[in-house]
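Colleague: Read in order, the letters of the sequence shown are residues 353 to 1184 in my numbering.
Below you'll find the structure I mean.
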Amino acid sequence: MFSLHVQHIINNKKSIIVMILMLIVIFTLSPTAFKMVWEGHEQVNADITDFSRGDYDLLVRASQSEIERELGVVEENYLGVGNGGITYEQWENIKKDPRIETAAPVASLGFFTKIDQMYQLPKEEGSNRYTVSYKTTDGVNTYLINQQTAYLFKDNEVVYDYFYPIELMNIFGEFDNANFEIPSSYHPVIAIDPQEEKELTGIDFSILNKNINNVQTFPEESQLIPLIDIAESSTPITTEILIERLDITHQEINDLKQAVDLSPNQSLSDLEYYAELRGEHVEERDEVKEALDTIEETDEQVHIINFFEHLSPFEQEWYMIDDDYNIVMESEYDIDEHGEAGRSSGYLSQNVIYKSLSPKYQKTQNGLSIELLDYEGEIPIHRDLEQVQFQEYDVNGDNSDLLNLFQVDTVTVGEYVDSLAASPMGIYHYQYGHLKETGEQLKPTHHPGSFLSLPANGLISIDWADEFKGEAPIDAIRVKVAGLSGYTEEASQKIQHVAEEIEEMGLHVDIVAGASHQNIDVQVEGIGMVVMPWTTLGAAESIINSWNVFSIVISISFILVALLSFVARIRTMEHELYEDKIRLGLIGWKPSTIQTFYRAQWGIQIVLSVVLSLVILLLSFGIDILMLIGWSITIFIVMIIHASFTVLYKQKNNKTHKPRQSFLIANIYYYRRHIQAASLQLLFSTSVIAFLLTVQQVVSNRISVTDLGQYIHFQINELQIILLLSVVLLTVYTLSESIYRMWKEREEQIEFLKVMGWQNKDIRRSYTKETLSWVSPSVVMGNIIGIIAVVVFFPVNLTVVGINLIVTLSLLFALTIVLKVGLRQILMRGVS
């Protein structure tokens, strides 16, 4: 019996080797795929646990914006327009919950303008024309805020006249100096709780609780509110000063005065006063401006000064410009070194608050858009501004109820550090975004009408918030749940329970634990397409769900392809052995003996495959429990399938040939069982791969929407590719072997055609038509089934589906045709 087994193996060595190779592929790839799916699951969960919990867990607000509700996101400037809505009592109730570690409130008071202060330029010889230009920038474009031109006339270094625009009245020419004033800049002030904020950020804000005494201010009886300046806040205003020496005499100025009916004792600047405030002498004023503008300069100098590199938004110190055009602060001033300096400050600017409304977002097919509302000078305005007269100075009355912000300290909050988790901390810094076309980084201009939100420039204690905003001044509370070390399933449930109880207070709660930044394309009118980061809620859950979907789809696809491959091979093997079994019966072998013989043959193949696959796995991965479990399960399933197929399979030998008019139809009919098997295999494989590739693309797109998802996708992308290649490899191997066996069956027919006088080119043409006649419908139908399955199960972009299925169609179609033509040529050469 042993010699018979050996002889059988030698006689059928090609068929047995093909089966052993297939079993080795299945026994190695299946447990490998199982291990990779498991490791991918563990990798995703580990990354979610480690990286998806940010500085806090819950964002509590009175309500959310409409665009947030539609998109399931949170704006970086989550304070909105600062309408409040949360009371002190509600905050205290949240804070005293023992499950809550931190409950840090924030209240946006609005935008305050900088204290009005003039600056003095150095004295220049002779008469001069001063042209001062103030500019701002959004990081890409530079905009002119305004430009002022003023004249200071001297005779023997004694000032005898001036001419300046109305906005410089009581500023330019004071103390006989060229004085100017920085244009209004807007600075958001946020109220916080010093202790809760320290627990959240680690920064000491306790100085906000101190009382301010012995400070001179205006009015003296007003209350001073301690304010902390944010060192990283900056105002993008640069000042360009053009000084032109003019060759003009005192007499020429008097002649100009006479021409416009001014006496020598009057000033040219009086015309500006009359024209702007009284509406008189407008033509004379314009005549003087034109005459002065045409005076040619004899010399010029240009100085660029960035005041806000030195000045904080709420700076109380006055400052001047020294002879080298450097900024000299009050604390640095020395009269002997710097000479006399004039000063003028106005604190009444803090009586007005500006509130910036949200941009008018509109959903578009590709993201969002923001409408341009207006221009202020050259600056595009995308937000409406509301001016609020918060308080008013009473000239003759009691002003003890007036509130003034007074800077007591400066803190450094650090530069923005990109993280995978998104906990909107926009009161300190934002990710502003960049132009999509060029990648240039954007930032807000000095104007609160910018579509980009300004971070906090100043912080005060939350205890003062009701003075500005009434009984419910708090805009948001950032809540950190106690007792959590990562974002696990248990942590998620605890956070969810806390959120639900807070919502019962009538507040809106966003769970930002597990959130991450998502880049959204925003078409900003007047700027261009801007890529802006928004906080996407539920990013962690979405990533886990997407990976689970991919794992299920890839596992089912792999199992189905492996089973199809194995069943197809068993069917081929049973067909090959059918005539051998008939011959053994004719020579007297009993059916039980035949069955025992072939079971032993199967056992030899299984043992060899098991041993070789185990060696490959051990060499590749070592002793791995997961791998061995997957390997054992695969062997068990293969044995069950083989046993079932052996019992159920019955060979049908009904190759009766009926005459057909067409040789092509006759061939297809005669070999229909082989073609049916190959067609079904091709159809199924095409649909599975088309579906799988599209699902992989959809899942990857879903995962990669956020920063956290991109990181995790990078970690697991290699696993996804290997799993996909495994399915494709198994499919190609099965198809190749099936088609090869089909053509082997036709060697005699090919030889007969050659004997009948057919040329090789005729045979190739005939069989190419025949192959295309069943391959094309199989591939097309397979792709249609894949498309239907994708559309049914996934709300995806059909463009993505189309592209992936076209790629799948092209690859499988080309692979099948090339394989068939190549095999046919080999067979034809072999029988020629």
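Heads up, the beta-carbon is just placed ideally off N, CA and C, and yes, glycines get one too.
Classify L970 as buried or exposed, calling it buried when 16 or more other Cβ atoms lie within 10 Å of its own Cβ.
Modeller: When all chains shown are included, L970 counts as exposed.
Colleague: Looking at the strands, I want to know which residues DSSP matches up with S721.
Modeller: S721 pairs with Q714 and Q875.
Colleague: Do the CB positions of P665 and S585 come within less than 9 Å of each other?
Modeller: Result yes, Cβ atoms of P665 and S585 sit closer than 9 Å.
Colleague: Would you report the Cα separation of K448 and A456, rounded to the nearest angstrom?
Modeller: Answer to the nearest angstrom: the Cα atoms are 12 Å apart.
Colleague: Return the chain-ordered ranges of every beta strand (DSSP E) run that is complete within the segment 536-602 and spans a minimum of 3 residues.
Modeller: Fully enclosed beta strand (DSSP E) runs of 3 or longer: 538-544, 575-582 and 589-598.
Colleague: For I687, count neighbouring C-beta atoms within 10 Å of its own C-beta (all shown protein chains included) and say buried if the count is 16 or more, exposed if not.
Modeller: By the neighbour-count rule (16 or more Cβ atoms within 10 Å), I687 is not buried but exposed.
Colleague: Provide the residue(s) that pair with P665 in DSSP beta bridges, ordered along the chain.
Modeller: Bridge partners of P665: none, in fact.
Colleague: To the nearest angstrom, report how far apart K562 and Q547 are at their CA atoms.
Modeller: Whole-angstrom Cα-Cα distance: 13 Å.
Colleague: Between which two residues does the alpha helix (DSSP H) carrying E624 extend?
Modeller: E624 -> alpha helix (DSSP H) spans S621 to Y625.
Colleague: I438 and A824 look like a contact to me (Cβ under 8 Å); what is the Cβ gap, rounded to whole Å?
Modeller: Sure, about 6 Å apart at Cβ, within 8 Å.
Colleague: Is DSSP giving S708 helix, strand or coil here?
Modeller: In this structure, S708 counts as strand in the three-state DSSP scheme.
Colleague: Between L552 and G525, how many whole angstroms is the CB-CB distance? I'm expecting something under 8 Å.
Modeller: About 51 Å; that fails the 8 Å criterion.
Colleague: In this structure, what does DSSP give as the bridge partners for H690?
Modeller: BP columns for H690 are empty, so no partner.
Colleague: On the criterion of 16 or more Cβ atoms from any shown chain inside 10 Å, does R1054 qualify as buried, or is it exposed?
Modeller: By the 10 Å Cβ count, R1054 comes out buried.
Colleague: Are the beta-carbon atoms of I580 and V760 separated by less than 9 Å?
Modeller: Closer than 9 Å, so yes.
Colleague: Is there contact here, the segment 866-874 with the segment 711-720, by at least three beta-carbon pairs under 8 Å?
Modeller: Short answer: they touch.
Colleague: Is it right to say H799 is buried, meaning 16 or more other beta carbons lie within 10 angstroms of its own, or is it exposed?
Modeller: By the 10 Å Cβ count, H799 comes out buried.
Colleague: Between the Cα of E856 and the Cα atoms of V358, R413, I372 and V370, which residue gives the shortest distance?
Modeller: Considering only alpha carbons, the answer is R413.
Colleague: Give a yes or no on contact between the segment 614-633 and the segment 676-692, applying the rule of three or more CB pairs nearer than 8 Å.
Modeller: Result no; under three Cβ-Cβ pairs closer than 8 Å.
Colleague: Short check: CB of K707 to CB of F463, under 9 Å?
Modeller: Their beta carbons are under 9 Å apart, which means K707 touches F463 by this criterion.
Colleague: Suppose the cutoff is 6 Å on Cβ atoms and the five residues either side in sequence are ignored; what does the same chain contact list for S479 look like?
Modeller: Here the set comprises F505, K506, L598 and I600.
Colleague: Using alpha carbons as the reference points, say which of I975, I968, P535 and I1136 lies closest to V377.
Modeller: Nearest C-alpha to V377: I968.
Colleague: Between V1127 and L978, how many whole angstroms is the CB-CB distance? I'm expecting something under 8 Å.
Modeller: At roughly 39 Å, the Cβ-Cβ gap does not stay under 8 Å, so V1127 and L978 are not in contact.
Colleague: Where does D449 fall in DSSP's three states?
Modeller: D449: coil per DSSP, three-state reduction.
Colleague: Could you give the distance in angstroms between the alpha-carbon of I981 and the alpha-carbon of L1082?
Modeller: Cα-Cα distance, rounded: 21 Å.
Colleague: For D368, which of V1050, V740, L960 and M991 has the nearest alpha-carbon?
Modeller: For the sequence presented, residue 368 should be read as Ile rather than Asp. Nearest option by C-alpha distance: L960.
Colleague: Would you mind sorting G785 into buried or exposed? The rule is 16 or more other CB atoms within 10 Å of its CB.
Modeller: It counts as buried.
Colleague: Drop a sphere of 10 angstroms on the beta-carbon of A995, count the other beta-carbons inside from all chains shown, and report buried for 16 or more, exposed for fewer.
Modeller: Counting Cβ neighbours within 10 Å, A995 comes out exposed, since fewer than 16 surround it.
Colleague: Output the distance between the C-alpha atoms of V1183 and F1104, rounded to the nearest integer angstrom.
Modeller: At V1183 the pLDDT is 45, less than 50, meaning the model places this residue with poor confidence; the figure from the coordinates comes in the next sentence. Each residue's alpha carbon lies about 10 Å from the other.
Colleague: Within the same chain, show all residues whose beta-carbon is closer than 7 Å to that of D513, passing over the 5 residues directly before and after it, in chain order.
Modeller: The residues are F505, I605, S619 and L620.
Colleague: If you follow the beta strand (DSSP E) that G810 is part of, which residue opens it and which one closes it?
Modeller: Here the beta strand (DSSP E) through G810 covers G810 to S813.
Colleague: Less than 9 Å between the C-beta atoms of G436 and A817, yes or no?
Modeller: Yes, they are a contact pair.
Colleague: Just grab the DSSP bridge partners of V763 for me.
Modeller: I582, per the DSSP bridge assignment.
Colleague: To the nearest angstrom, how far is the alpha carbon of I446 from that of I452?
Modeller: The alpha-carbon atoms of I446 and I452 are separated by roughly 8 Å.
Colleague: How is the alpha helix (DSSP H) around I731 delimited, first residue to last?
Modeller: Taken as a continuous stretch (DSSP letters only), I731 belongs to no alpha helix (DSSP H), being part of the beta strand (DSSP E) at I731 to I733.
Colleague: From S485 to F532, what does the alpha carbon distance come to, in whole angstroms?
Modeller: Roughly 11 Å separates the two Cα atoms.
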